[in-house]
Amino acid sequence: MTESYQAIVRSKLGEGPAGGWTLSDGETWCMVTPPRHTLRQQGWKLHLSATPASAADVLRRAVPVLAAHACAFKCAVSPRITAELTSVRAPRAQSGKFLTAYPPDDDRARVLAAELHTATLGLAGPAILSDRRYLPDSVVHYRYGCFARPPELNDEGLYEGRLQAPDGTFVADERNPWFSPPPWARPPFPPPAAAPSGRRRGDPVLLAGRFEVREAIRHSNRGGVYRARDRRTGDDVLIKEARPHIGAITDGKDARHWLRYEADVLTRLAPLGIAPAVREVFEAGGHVFLVEDLIDGDSLQRWTTGRVTRHPEGLIPVPVAWSLARGLTRLTGLAHSAGFVLRDLKPGNVVMAPGDRPVLVDLECAVRVAERAHVVGTPGFTAPEYLDGPDRQGDGPPPAPGPEVDCYSLGATLLYATTGIVPLLADDSPPRRPAGDRIAALVDTAAPAAPALRALAPLVLGLTADGPGRWPLEKAAAFLRGEPVGRPVSAGPQPPPGALGRLLSDGLAHLAATADPDGEHLWPKPRSAPATDPCNVQLGAAGVLGVLTRAVRSGETAAEPLLRTAARWLDGRLALPGRILPGLYFGRSGAAWALHDAARTLGDEELAARTEAYALRIPPASRNPDVCHGLAGAGLAQLHLWHATGDHRFADRAARCADDLRRLTTSAGGPRRELAGATLYGFGHGLAGIAAFLLAAGRDLGRPDLVELATGAGHTLCAVAEPRGDAAAWPKGPGEDERTDLNFWCHGASGVGTFLVRLWTATGHAPFRAYAERAARLVYRDRCRAGTAACHGAAGNAQLLLDLADATGEERYRRQAGEVAACLYARAVRRDGRLLVPDETLRDVSAGYHVGLAGVLDLLLRLEHGGGRSWLVDRPAGTLTKERRTDGEQRPRTPGTPRDG
Numbered sequence: 070m071t072e073s074y075q076a077i078v079r080s081k082l083g084e085g086p087a088g089g090w091t092l093s094d095g096e097t098w099c100m101v102t103p104p105r106h107t108l109r110q111q112g113w114k115l116h117l118s119a120t121p122a123s124a125a126d127v128l129r130r131a132v133p134v135l136a137a138h139a140c141a142f143k144c145a146v147s148p149r150i151t152a153e154l155t156s157v158r159a160p161r162a163q164s165g166k167f168l169t170a171y172p173p174d175d176d177r178a179r180v181l182a183a184e185l186h187t188a189t190l191g192l193a194g195p196a197i198l199s200d201r202r203y204l205p206d207s208v209v210h211y212r213y214g215c216f217a218r219p220p221e222l223n224d225e226g227l228y229e230g231r232l233q234a235p236d237g238t239f240v241a242d243e244r245n246p247w248f249s250p251p252p253w254a255r256p257p258f259p260p261p262a263a264a265p266s267g268r269r270r271g272d273p274v275l276l277a278g279r280f281e282v283r284e285a286i287r288h289s290n291r292g293g294v295y296r297a298r299d300r301r302t303g304d305d306v307l308i309k310e311a312r313p314h315i316g317a318i319t320d321g322k323d324a325r326h327w328l329r330y331e332a333d334v335l336t337r338l339a340p341l342g343i344a345p346a347v348r349e350v351f352e353a354g355g356h357v358f359l360v361e362d363l364i365d366g367d368s369l370q371r372w373t374t375g376r377v378t379r380h381p382e383g384l385i386p387v388p389v390a391w392s393l394a395r396g397l398t399r400l401t402g403l404a405h406s407a408g409f410v411l412r413d414l415k416p417g418n419v420v421m422a423p424g425d426r427p428v429l430v431d432l433e434c435a436v437r438v439a440e441r442a443h444v445v446g447t448p449g450f451t452a453p454e455y456l457d458g459p460d461r462q463g464d465g466p467p468p469a470p471g472p473e474v475d476c477y478s479l480g481a482t483l484l485y486a487t488t489g490i491v492p493l494l495a496d497d498s499p500p501r502r503p504a505g506d507r508i509a510a511l512v513d514t515a516a517p518a519a520p521a522l523r524a525l526a527p528l529v530l531g532l533t534a535d536g537p538g539r540w541p542l543e544k545a546a547a548f549l550r551g552e553p554v555g556r557p558v559s560a561g562p563q564p565p566p567g568a569l570g571r572l573l574s575d576g577l578a579h580l581a582a583t584a585d586p587d588g589e590h591l592w593p594k595p596r597s598a599p600a601t602d603p604c605n606v607q608l609g610a611a612g613v614l615g616v617l618t619r620a621v622r623s624g625e626t627a628a629e630p631l632l633r634t635a636a637r638w639l640d641g642r643l644a645l646p647g648r649i650l651p652g653l654y655f656g657r658s659g660a661a662w663a664l665h666d667a668a669r670t671l672g673d674e675e676l677a678a679r680t681e682a683y684a685l686r687i688p689p690a691s692r693n694p695d696v697c698h699g700l701a702g703a704g705l706a707q708l709h710l711w712h713a714t715g716d717h718r719f720a721d722r723a724a725r726c727a728d729d730l731r732r733l734t735t736s737a738g739g740p741r742r743e744l745a746g747a748t749l750y751g752f753g754h755g756l757a758g759i760a761a762f763l764l765a766a767g768r769d770l771g772r773p774d775l776v777e778l779a780t781g782a783g784h785t786l787c788a789v790a791e792p793r794g795d796a797a798a799w800p801k802g803p804g805e806d807e808r809t810d811l812n813f814w815c816h817g818a819s820g821v822g823t824f825l826v827r828l829w830t831a832t833g834h835a836p837f838r839a840y841a842e843r844a845a846r847l848v849y850r851d852r853c854r855a856g857t858a859a860c861h862g863a864a865g866n867a868q869l870l871l872d873l874a875d876a877t878g879e880e881r882y883r884r885q886a887g888e889v890a891a892c893l894y895a896r897a898v899r900r901d902g903r904l905l906v907p908d909e910t911l912r913d914v915s916a917g918y919h920v921g922l923a924g925v926l927d928l929l930l931r932l933e934h935g936g937g938r939s940w941l942v943d944r945p946a947g948t949l950t951k952e953r954r955t956d957g958e959q960r961p962r963t964p965g966t967p968r969d970g
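Residue 362 in our numbering sits at position 293 of the sequence shown; the count goes up by one each step and never skips.
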């Protein structure tokens, strides 16, 4: 906690009757507890909201009240966290919770609420959507929830608080952006008086007496965005809402101020034909609403995705891109001529009207050139030198930037529009590389296969150049007065010599430098990631351990000390009590797999034996059939351990998983998801992954019935494929055809192809190979615009190309995988002298296998050293010279038993 907050708490605790309070700082919260205090497991908790400007006063007034009642509480650890909790992008259910008090009982909750309300009356704080406000205009709120019960893993492998009902059953502690206590938890406060509205249930929502809301387009912490009809004119309009105290800064200006400001900007720019016109601005219930013309069209972001998805080659035609560049340059120039700098020009703030005419929207960041303004913008599209500059100078914000920041945004937006690449650059450690050089690396990688980008490359590079080399808008307009020259599509570049080796060695060194054997997580978890088992493959230690094992087996001997450390850590954690889930990626099956492989690699037979015993405790049963969470993942691990040990108990358990899956399948081979209620097609959560396990189990256990089921699933997947020229795409699942642009491992072409290439290898049926190759074409086509991670990006997608190289013997697939790696290399960030591929956020580096660095290193190891696909059982039934028995003795192998893994 910063000194200012900490000093307030400590000084005000001194006014209470007891000493010996404990302050424990965390990343987000400071927990403050009285001596000899034990929190209740659950109950009615009190939340106090605040803004960055009011937070210190809320503390000064609230802490003495809490100290007098010896009530434990926590508060935001710093003004920065306070600002994050109330920002326009904060999660709606958690927004505004600056201070949480934990009353020891309901009677004390009533007393504390009354006293805290009196003490903080008049201070500003937003409404907390998950709570009920104590009294109108109070910063005090309340909700029922967990106090101290340790989070427990749910069936999906995510930690969640659980509440115990009066009958002893447990339910999730749901944190919705509306007041939703469990039905048996009666609030200790009288319900608020309902404000008379005259509106009957089911009647349409009418704002300002004339605007009839038709649908909510989206909700955010700032407020809703709605499509409505103006009853006076009959026109469709767009309504934007701003909630009180959201996005507030220390000068008190909040989202309401900026929405009124945006209305003023639109009033000045709309007559130029570059932005929607304002219809009305009004206030209701303290919220501000802006009504503007509804522009019929998609955002440039959605327009680009749709074009890339629908075009047979996945590319924007050169004439279309050239016209777009001219239109955006013209809009930006008109805004500059009117005296404004946009500061946040990006694909999401441009709507493509009929005729592919761009229109500027969401202009609350636009500022007059002569004004002073706090730094705002969007990383990746706003000029880095501006975003990284000081937010204050002297007693106020810095002067507004010049038009050159919009030139950078224009170049970055055109790079996105022609390729789908989000040009987000993770921050280098000092000394930082020029942003223009890093954008140029992305352009060099993507341009060979993107004719529109090649045509516009001089413009994109000029607009994103650093310093005085950046093109002014006049030079951009002059360039676009010419006509584009189309060139044929060419293959993408291979990574520079030594580049993959550098990424691999630096990545392994980073893992060694950031491991924390004494931590709750062996490697730090990304703040944005959900709380999961720190032992799992998805985000935890097991996924990294599997990569370290592969590295040591591949000859990267420098990784062996870290392999020992990670194996020891995971061994200790698996011995702790806790729920054991079966899934391969979110459960403990992957942890047992990784630890057993590590033990064998290290020659530690005692550790191997302990891991085998642990693996036999993993339940081979689940209501979920998929690979990530359920039966298919558990079955793959049991099958792998049978291959590795020869212990037929693992074979029996794999067979049990397969039989349970068979009972959950439909006649076409598609699983019936008991929890989600819908069938999905992808590998991680659906049919492709389930069928991949059934195929491997049928092959190795001598079960033709399972192979038949897997074959039926293959025919189903081929039947639902959607053509994309010579490639193919897959919807997420039946009834989810609104997402047909997915090409990931978990959902989409990458994962479907992963299964189909194995089904072709097993059956020789040519259509399975054909569709696997069509999936690979989509993966290869999207190599530059995909993210970096194994689950949702290029690191996982390139594995399909290597699978096809191994299965077909065609070297072109390995070369294409190298081109995908070149795209990863272009994304790399420099941290502490190391070149590292950022995680799926593209903003930071984290270790997790499926979202971060470990999955990238797994691909690099396979590219550099060869070998098969991790976390799959690809070995055919073969011969062994000997196998390990359950009693530890060795015996000659008999036909039909697996070979050693």
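All C-beta atoms in this analysis are idealised placements derived from N, C-alpha and C, irrespective of residue type, glycine included. Here the structure is a predicted model, which is why all the values come from computation and not from measurement.
Along the stretch 585 to 651, the alpha helix (DSSP H) occurs as fully enclosed runs of 4 or more residues at 610 to 622, 629 to 643, listed in sequence order. Taking 7 Å as the cut-off, the beta carbon of Leu-117 is found no closer than this to the beta carbon of Val-180.
By the Cβ-count criterion, Trp-247 is exposed, with fewer than 16 other Cβ atoms from all chains shown falling within 10 Å of its own Cβ. Put simply, the backbone Cα of Arg-596 is about 9 Å away from that of Glu-96.
Under the 8 Å Cβ criterion, the stretch 242 to 259 does not count as touching the stretch 117 to 137, having fewer than three qualifying pairs. Residue pairing for Phe-248: DSSP places it in no beta bridge.
With contacts defined by Cβ atoms closer than 7 Å, Ala-193 and His-314 form a contacting pair. Pairing Ala-867 with Arg-301, the inter-Cα distance amounts to about 56 Å. Under the criterion of beta carbons closer than 8 Å, Val-826 and Ala-839 do not qualify as touching, at roughly 11 Å. Annotation: Arg-881 to Ala-845 spans about 11 Å, alpha carbon to alpha carbon. Considering only Thr-670, Leu-92, Ala-183, the residue with the shortest C-alpha distance to Leu-115 is Ala-183. In terms of Cβ geometry, Thr-634 and Ala-661 do not form a close pair [threshold 7 Å]. Collapsing the DSSP output to three states places Gln-111 in a strand. Under the three-state reduction of DSSP output, Arg-301 falls in the coil class, being neither helix nor strand. Looking from the CA of Pro-250, the closest CA among Ala-724, Asp-305, Trp-113 belongs to Trp-113. Going by DSSP, Trp-98 is part of the beta strand (DSSP E) stretching over 98 to 102. A contact is defined here as three or more CB-CB pairs under 8 Å, and the stretch 317 to 331 fails this definition with respect to the stretch 404 to 414.
Counting only runs of at least 4 residues, the stretch 164 to 233 fully encloses the following alpha helix (DSSP H) elements, listed from N- to C-terminal order: 175 to 189.
Residue pairing of Asp-94 in beta bridges, as defined by DSSP: Cys-99. Cα atoms of Val-420 and Ile-385: separation of roughly 17 Å, rounded to the nearest angstrom.
Beta-bridge partners of Asp-367 (DSSP): Met-421.
A Cβ-Cβ separation of about 6 Å places Ala-727 in contact with Leu-763 under the 8 Å criterion.
Contact between the stretch 567 to 584 and the stretch 542 to 554 is not established, with fewer than three Cβ pairs separated by less than 8 Å.
With a beta-carbon spacing of about 11 Å, Phe-167 and Thr-189 fall beyond the 8 Å limit used to define contacts. Cβ atoms of His-712 and Arg-523 stay farther apart than 8 Å, at about 49 Å.
A contact is defined here as three or more CB-CB pairs under 8 Å, and the stretch 359 to 368 fails this definition with respect to the stretch 450 to 466.
A Cβ-Cβ contact shorter than 7 Å links Thr-401 with Leu-479. In this structure Arg-312 touches Pro-195 by the C-beta definition: roughly 6 Å separates them, less than 8 Å.
By the CB criterion at 7 Å, Arg-793 and Leu-847 fall inside the cutoff.
Assigned with DSSP and collapsed to three states, Glu-349 falls in strand. Annotation: Asp-506 is outside any beta strand (DSSP E); the continuous alpha helix (DSSP H) that includes it extends over 504 to 515.
Boundaries of the beta strand (DSSP E) harbouring Leu-905: 903 to 905, taken from the DSSP string. Partner residues in the beta bridge of Arg-437, as assigned by DSSP, are Phe-409.
The distance from the Cβ of Asp-94 to that of Val-146 is about 6 Å, consistent with a contact at the 8 Å cut-off. Judged by DSSP in its simplified three-state form, Arg-158 adopts coil rather than helix or strand. In the DSSP assignment, Arg-692 falls outside any alpha helix (DSSP H), carrying neither H nor E.
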